[in-house]
Amino acid sequence: MRKNGDGTATWTWAVKNPINNYNIIPYIGRYVNFKDQMKGEKGVLDLDYWVLDYNLEKAKKHFEVVKPMVTCFESWMGPYPFYEDSYKLVDAPHLGMEHQSAVAYGNKYGMGYLGKDLSGSGWGLKFDFIIIHESGHEWFANNISSKDIADMWIHESFTNYSETMFTECQFGKKAGSEYVIGTRKNIANDIPIIGVYGVNEEGSGDMYYKGGNITHHPAGD
Ligand SMILES: [Zn+2]
Numbered sequence: 649m650r651k652n653g654d655g656t657a658t659w660t661w662a663v664k665n666p667i668n669n670y671n672i673i674p675y676i677g678r679y680v681n682f683k684d685q686m687k688g689e690k691g692v693l694d695l696d697y698w699v700l701d702y703n704l705e706k707a708k709k710h711f712e713v714v715k716p717m718v719t720c721f722e723s724w725m726g727p728y729p730f731y732e733d734s735y736k737l738v739d740a741p742h743l744g745m746e747h748q749s750a751v752a753y754g755n756k757y758g759m760g761y762l763g764k765d766l767s768g769s770g771w772g773l774k775f776d777f778i779i780i781h782e783s784g785h786e787w788f789a790n791n792i793s794s795k796d797i798a799d800m801w802i803h804e805s806f807t808n809y810s811e812t813m814f815t816e817c818q819f820g821k822k823a824g825s826e827y828v829i830g831t832r833k834n835i836a837n838d839i840p841i842i843g844v845y846g847v848n849e850e851g852s853g854d855m856y857y858k859g860g861n862i863t864h865h866p867a868g869d
């Protein structure tokens, strides 16, 4: 931070890893910061949290899920992709977004998807959907992406499945299966999950639930 001598100050925010422009977002507000660390597969991972001052105590408790989540995701998908830039959650005025190494968080410090269980199985209320889903995107979307948005299923199918991975890590194989199978009721089967190439067009929203269910392969089958 540099003070400019005229009542203003200039901050510089840097990332070491390549980043999509849609993953860059500025915030303005009364933010406070708290930090933590964990031992991950690639060494010590810095955990860095930027929240509005009135959310500080809630956030300290609510974000405890990050360590077991990262451990779970690393065991399935390999090391967190951006150790050099740390893992972050940032309070946002909207529900959430997978901004690389600074995940936007706005799920009101509750469980489920704004209190709803998208699977209808009960398991979806055992975790904060936005922390799990948007962090899952660090592996699929931010680390591994597609050339054309028609293949956005690469982002959303595998990230949808990260919710199942987390459910299985925390509550066992049966719970994971019940979660992913529960989401099948959300499949519309309207149009293909692969969109039209070359015209900036996504495929069906089925890329989430159908994609997650296609990814699911119960052991023994
Ligand atoms: Zn997503």
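For what it's worth, my numbering labels the leading residue of the sequence shown as 649, then goes sequentially. From the three backbone atoms N, C-alpha and C, an ideal C-beta is built for every residue, glycine too. As the structure is a computational prediction, the values presented were derived from the model and not from experiment.
{"Item": "Classification of V594 by the beta-carbon crowding that lies within 10 angstroms, buried from 16 upward", "Value": "Missing from the structure shown is residue 594; the chain here goes from 649 to 869 and no further."}
{"Item": "Cβ-based burial, G820 [other Cβ within 10 Å; buried from 16]", "Value": "exposed"}
{"Item": "H903: CB within 7 Å of a non-hydrogen atom of ligand 1", "Value": "Outside the shown range of the chain (649 to 869) lies residue 903, about which nothing can therefore be said."}
{"Item": "L766 beta carbon less than 8 Å from that of L743", "Value": "no"}
{"Item": "Exposure label - E782; buried when at least 16 CB within 10 Å", "Value": "buried"}
{"Item": "N848 - DSSP class collapsed to helix/strand/coil", "Value": "coil"}
{"Item": "T807 Cβ short of 7 Å to ligand 1 heavy atom set", "Value": "yes"}
{"Item": "Exposed unless 16 or more other CB atoms sit within 10 angstroms - verdict on N681", "Value": "exposed"}
{"Item": "Closest by C-alpha distance to V663, when choosing among D654, I673 and K683", "Value": "I673"}
{"Item": "Those residues which DSSP pairs with G744 across a bridge", "Value": "Y753"}
{"Item": "Distance cut-off 7 Å: H781 Cβ against heavy atoms of ligand 1", "Value": "yes"}
{"Item": "DSSP-derived helix/strand/coil call for L762", "Value": "coil"}
{"Item": "Inter-residue CB distance, Y735 and L773 (contact presumed, cutoff 8 Å)", "Value": "Not really, about 24 Å apart at Cβ, beyond 8 Å."}
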